[in-house]
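Offset between the sequence shown (1-based) and the numbering used here: plus 10.
The block underneath contains the structure these notes are about, expressed in structure tokens.
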Amino acid sequence: MKKQFIVLIAVTSVFLTSCLKDEIPVPQHNPGDVILNSYEMGTDYRYNAYYDFETNTFVKEHLKTDWDLGFETGILGWRIVLNNSKAMNAGASPISDFEMVSDTMGVVWKSDASSWNLDTTAIGDWRDFPAVYCIDRGFSFDGTHLGYKKLEIESVNSDFYAIRYSNLDGSDEITTEVPKNDDNFNFSFFSFDSNDVASIEPEKESWDLVFRQYTHTFDDGISYLVNGVLSNSHEVEVAEIFHKEFEDVQFEDINTVAFSSDIDVIGYDWKTFNGADFDIHPEQVYIVKTTEGLFYKLRFVDFYNAQGEKGTPTFEMQAL
Numbered sequence: 011m012k013k014q015f016i017v018l019i020a021v022t023s024v025f026l027t028s029c030l031k032d033e034i035p036v037p038q039h040n041p042g043d044v045i046l047n048s049y050e051m052g053t054d055y056r057y058n059a060y061y062d063f064e065t066n067t068f069v070k071e072h073l074k075t076d077w078d079l080g081f082e083t084g085i086l087g088w089r090i091v092l093n094n095s096k097a098m099n100a101g102a103s104p105i106s107d108f109e110m111v112s113d114t115m116g117v118v119w120k121s122d123a124s125s126w127n128l129d130t131t132a133i134g135d136w137r138d139f140p141a142v143y144c145i146d147r148g149f150s151f152d153g154t155h156l157g158y159k160k161l162e163i164e165s166v167n168s169d170f171y172a173i174r175y176s177n178l179d180g181s182d183e184i185t186t187e188v189p190k191n192d193d194n195f196n197f198s199f200f201s202f203d204s205n206d207v208a209s210i211e212p213e214k215e216s217w218d219l220v221f222r223q224y225t226h227t228f229d230d231g232i233s234y235l236v237n238g239v240l241s242n243s244h245e246v247e248v249a250e251i252f253h254k255e256f257e258d259v260q261f262e263d264i265n266t267v268a269f270s271s272d273i274d275v276i277g278y279d280w281k282t283f284n285g286a287d288f289d290i291h292p293e294q295v296y297i298v299k300t301t302e303g304l305f306y307k308l309r310f311v312d313f314y315n316a317q318g319e320k321g322t323p324t325f326e327m328q329a330l
């Protein structure tokens, strides 16, 4: 009996050892190095730039005045957004005849939500309620008002939008098509200056954040241009960390924070204006889930360049 017991222990030991050898160890998340980077938007915030965490590069930049309207891509896309880095507004004219609209009388102006929620755009759902829209083109980076257009969206299909627009007095009328079937991009962008499609955003899988000016509507209903950072509406999610130092944020924190797909979670308020200068709040920490499904922590440490000029967001980021 004693010999049988010893044999049983030996067999059991071999079995357990065999199982342990087959176990796959769970890899530990080793954070990357803390990386410092910055982008010069210009003191008048004229530049927009698109940032990719994985390569730590700004993959594209353009002047904020390079476009006016963004047309949703994809076979089923139909929504239209305004360039809110110029403080653009839009509203339906009470006159439904394109030829008869000659001013903005009776127009109720609206701006797009800073979150770019596509269900709350200024133009709205134009498909069931055809209208002539008056477009306030906003301001250039030197404060020059860019004038008005009237716009009629005639149709949309799986390939393009058909639009008609002119100055309010009817001059410079254009009828054209805006292609929309390239689903590699979030939007097809259009410029009233060139009367053509504009190359603005890079492909939607290639960037995570955009550094730019944009319109924010405050609780009192008044809208202002602010300077900040927005996230890619395609698959990027952001969570703000409260009551935890940047150095202490770990990979495990992704399980305890609330991520949002709103593009303005980072926004502008990592800094405040004290009446003379901008104060930076490095205690505000964010976790960003990128288009690649990776997680990075982020904070801002400056808004000035080496010459002391505003308009250069400087940030620290680290892969979790």
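All residues carry an ideal CB built from backbone N, CA and C; glycine is no exception.
Since the model is a prediction, treat every value here as computed from it, not as a measurement.
Per DSSP, what kind of secondary structure is residue i in: helix, strand or coil?
i	result
Ser270	strand
Met110	helix
Ile105	coil
Lys190	coil
Ile232	coil
Lys160	strand
Lys120	strand
Asp258	helix
Asp135	coil
In chain order, what residues of the same chain lie with their CB nearer than 6 Å to the CB of residue i, ignoring the 5 residues before and after it?
i	result
Trp77	Asn93, Phe199, Ser201, Ala208 and Ile210
Trp119	Asn99 and Gly101
Glu262	none
From residue i to residue j, what distance separates their C-alpha atoms?
i	j	result
Phe108	Glu213	35 Å
Phe269	Val248	5 Å
Ile163	Pro140	8 Å
Glu293	Phe170	46 Å
Gly264	Ile297	Position check: residue 264 holds Ile in this sequence, whereas Gly was assumed. Rounded to the nearest angstrom, the two C-alpha atoms are 8 Å apart.
Tyr60	Thr266	28 Å
Asp152	Asp54	7 Å
Asn194	His244	10 Å
Ala97	Phe149	7 Å
Trp217	Lys70	9 Å
Gly84	Leu128	14 Å
Gly157	Phe305	43 Å
Asn167	Pro189	10 Å
If residue i sits next to residue j, beta carbons under 8 Å apart, how far is it from one beta carbon to the other, in whole angstroms?
i	j	result
Lys320	Phe313	6 Å
Thr300	Phe68	That pair is no contact at about 15 Å.
Asn47	Phe325	6 Å
By Cβ distance below 8 Å, which residues in the same chain neighbour residue i in space, the five residues on each side in sequence not counted?
i	result
Val295	Glu250, Ile251, Lys254, Glu255, Phe256, Val259, Lys307, Leu308 and Arg309
Gly277	Ser124, His226, Val236, Gly238, Val239 and Leu240
Trp106	The sequence as given places Ser at residue 106; Trp does not occur at that position. The residues are Pro140, Ala141 and Val142.
Tell me whether residue i is buried or exposed, calling it buried when 16 or more other Cβ atoms sit within 10 Å of its Cβ.
i	result
Gln223	buried
Met327	buried
Tyr175	buried
Phe228	exposed
Arg137	exposed
Give me, in chain order, the residues of the same chain whose beta-carbon lies closer than 7 Å to that of residue i; leave out the 5 immediate sequence neighbours on both sides.
i	result
Glu50	Asn315, Gly321 and Thr322
Gly42	Gln328 and Ala329
Asp274	Ser124, Ser125 and Leu240
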